[in-house]
Amino acid sequence: MATLELIILLFVAVLISAVLERVIPRVSLPLIQITLGLVIAVLSLNPADVSLNPEFFLVLFIAPLLFHDAKESDKLALWKNRRAILSLAVGLVIVIMLAIGFTVNLLEPSIPLAAALALGAALGPTDAVAVASLSSVAKLSRTERALLSGESLLNDATGVVAFQFAIAAATTGTFSVLESAGSFVVLFTGGLIFGLTAGWIAQWLQDILRKAGLDSTTFHVMFDVSLPFVIYVASEALGVSGIISVVAAGLIMSSVEDREVSPSASRLSIVNSSVWGVLSFGLNGIVFTMLGMELPNAFQSTWDDVTIGNQTVIGYVLAITFILIAVRFIWVAVMNYFVPSLKERLRSTLITTIGGPKGAVTLSIIFSIPYVISNGGGFPQRHLIIFLASGVILCTLLIANFLLPLLAPKGEDETSNAAEKEVNARIDILRRVIERLSAARSEVGMQATAAVINSYNRRIERIQNAADLESESTTALRIDVIEHEQSHLFELIEAGDVEEFQAYRYLRRLSKMRTYLMHRDESPFDLHRLHHLYSLIVSYLRTGRQRVRQSEDGAAALDVQARSQAEAIRYLHTLMQKEENSYPTEVIANVLLTYQNAYRATQQSRPSITQYTSVSDRIETVERMAYRFELDEIQDALEAGEIDRKCAKNLNESVYLMMVDLEMNL
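Residue numbers for the sequence shown follow full-length UniProt numbering, beginning at 1 and rising by one.
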């Protein structure tokens, strides 16, 4: 298969997996991508053979994935559970390497001990993407999530370094425990120091360019994306571990970035996170799809090997999987020995054991096995080792995907209650901001404050609608009222009683609201990730964007809005007075109250043409004050335990984006 065709097929498969993930959420994303790769390989006349240069494979896939995982990790949770995480990430990986290495060499002597140890080292790391996808269908405690995510970050480095030592021994035929231990210390320590230094220098350079006005969103994103590749290559050239350097750089850079609180920093952070989200998704997807495409080759080569029976090979896969799970279970059980409740201890041990499937890192490592050794001969049993690793990856993914939800079921009621609790907390924050704005009304002006309060009321309404906190009757009534508003506006346009351009703008807004209300529950999937990235790039990479305020247009728009709302209020009063009505009275009353509040706010925001510019300036002043109030309330809600840190971070970034938008409109 030509290289171009392979690349196109990989990208198409990843795109299809993004859709299928929404259609069949009960199946983890890696399994979907593996299946797609297998389908491509089976349907292709010439199945693809993954033959990338081993070092190039590590640089292309491992370096950026680990860098992104390090930047996205919860540093506080890592530090709090540091002993347990280090135990899993270092000690357990080494024990698994030894257990699997000696077992495989014992079962199949044609695989040298060094090569078998390399297989064990590759099977040590867990997969961060698989862990994240499993947490969406299983109930994991905060400690369990911290352990699994922290382990998946740090054990990658341990597994890669151990694998490199084992491969060196397999290719050269020599191995010294003392020399290897000394080299490991040099590689680990040197990589840590170089990574921390490189990360600090990179952050310092970005700060210098930003202060000098030479930085831009485009530069920031490109600089950040290129860093893991540069750091990995530079550290390997210096003779230290590139993997450790990349992880250390990601940790130090995210720690510095987290302390920056400003609209511009938030803008860069969100755009950067979105780019990295898509890039990480694509790289992981390509690796898993390549696994599926490689399965027929590995299967065929091993299946046709007359020296090893097919049933024997399958038995090897099952035996390695059993040893892997057994060693992990015993290790975690010892860690949880001091948990007082036997039931909770067993549950936590099983979840932590099964919740560590193998994935992209293991596959990337195993694909980097060289084809030849130092004497020019072929690497012993390379296809068999790849087949065994692929089989174990599939087994652990299947076990985790179908068994973990049974051990830790995530009830729909619990999920719904948690989501509703977060929505209510967000609404409470906005309501407290409204209260503070109302208290400061006399200081900043009545009209400007009323306009901003109206915008906060609309935000509350959007949150409620998005969370489906209103009844079906309320939704149906809102659609009915919107359709009546549309008909009324068309009549005004035909009569020439309103400014036509602004009327059509408001009609388009009503149409979007109606479409959303009618179809928000119908779509079983979406591509929000790519759409969100596109929106951010369009919004924040337009360096010349400006919004020109025209007082006449503003007054005309407010006039159209007020007349439409007044007609809606009249229509709702008519419905209220009917003896027979398809809508409950309390539903009509609630919707009527919403329109009355909106109408009053619109009326208070309708200055004369000569006053409009002055009012706009005062509104911007009130908006800045409201955003400060909102940031304060978010922090108070976090400290009170009403929201978690992830929710607080998302809310803060939303406020910062609105602040950025306000500044860009000046």
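From the three backbone atoms N, C-alpha and C, an ideal C-beta is built for every residue, glycine too.
Counting only residues of its own chain and dropping the five nearest sequence neighbours on each side, Val560 has a CB closer than 6 Å to the CB of Val498, Gln502, Ala503 and Tyr506. For Val372, the three-state secondary structure derived from DSSP is strand. Across the structure, Leu477 and Asn284 are spaced so that their CA atoms are roughly 45 Å apart.
Val332 and Pro584 have their alpha carbons spaced roughly 57 Å apart.
Rounded to the nearest angstrom, the Cβ distance from Met576 to Tyr627 is 38 Å, too far for a contact under 8 Å.
Per the Cβ contact rule, the region 7 to 15 is not in contact with the region 370 to 380 (fewer than 3 Cβ pairs under 8 Å).
By the neighbour-count definition (other C-beta atoms within 10 Å, threshold 16), Ala212 is an exposed residue. CA-to-CA, the gap between Tyr571 and Phe629 works out to about 37 Å. Between the alpha carbons of Ile386 and Ser274 lies a gap of roughly 33 Å. For Pro405, the enclosing alpha helix (DSSP H) begins and ends at Arg382 to Leu407. Excluding sequence positions up to five before and after Ala637, its CB lies within less than 8 Å of the CB of Ala425, Asp428, Ile429, Ile643 and Ala648, all in the same chain and listed in chain order. In the displayed model, Gly173 falls within coil according to three-state DSSP, outside both helix and strand.
About 7 Å separates the CB atoms of Ala99 and Gly120; that is less than 8 Å, so the two are in contact. Between Ala157 and Ala77, the CB-CB gap reaches or exceeds 9 Å. In the DSSP assignment, Gly292 forms no beta bridge with any residue. Using a C-beta cut-off of 8 Å, the region 34 to 42 makes contact with the region 292 to 300, since at least three inter-stretch Cβ pairs fall below that distance. Spanning the alpha carbons of Glu435 and Asn457 requires a straight line of approximately 12 Å.
In this structure, Ile569 places its C-beta atom within 9 Å of the C-beta atom of Tyr599. Going by C-alpha positions, Ala234 is about 8 Å away from Gly242. About 6 Å separates the CB atoms of Ala389 and Thr362; that is less than 8 Å, so the two are in contact. For the options Leu65, Val161 and Leu192, the alpha carbon positioned closest to that of Ala181 is the one of Val161. Each of Lys578, Leu398, Thr174 and Asp127 was checked against the Cα of Arg26, and the nearest Cα belongs to Leu398. Per the C-alpha coordinates, the member of Ser73, Val587, Leu592 and Ile231 positioned closest to Leu58 is Ile231. The secondary-structure analysis by DSSP pairs Gly378 across a beta bridge with Val372. DSSP, read as helix, strand or coil, puts Val498 in coil. In the three-state reduction of the DSSP assignment, Asn81 falls in the coil class. The closest CA to that of Ile111, considering only Trp200, Ile201, Asp207 and Leu384, is found on Leu384.
Around the beta carbon of Phe490, fewer than 16 other beta carbons sit within 10 angstroms, so the residue counts as exposed.
Its Cα nearest to that of Thr515, the residue Ile479 stands out among Ile479, Leu492 and Glu485. With respect to the 9 Å criterion, Ala115 and Phe379 are classified as neighbours on the basis of their beta carbons. Between the C-alpha atoms of Ala589 and Met446 there is a straight-line separation of about 27 Å. Listed in chain order, the alpha helix (DSSP H) elements of length 4 or more contained wholly in the region 323 to 366 are 342 to 354. Here DSSP, grouped into helix, strand and coil, assigns Ile16 to helix. The Cβ atoms of Gly159 and Pro125 lie closer than 9 Å to each other.
Here Val452 is not near Ile286, since their CB atoms are 9 Å or more apart. Going by beta carbons, Trp276 and Asp224 fall inside the 9 Å limit.
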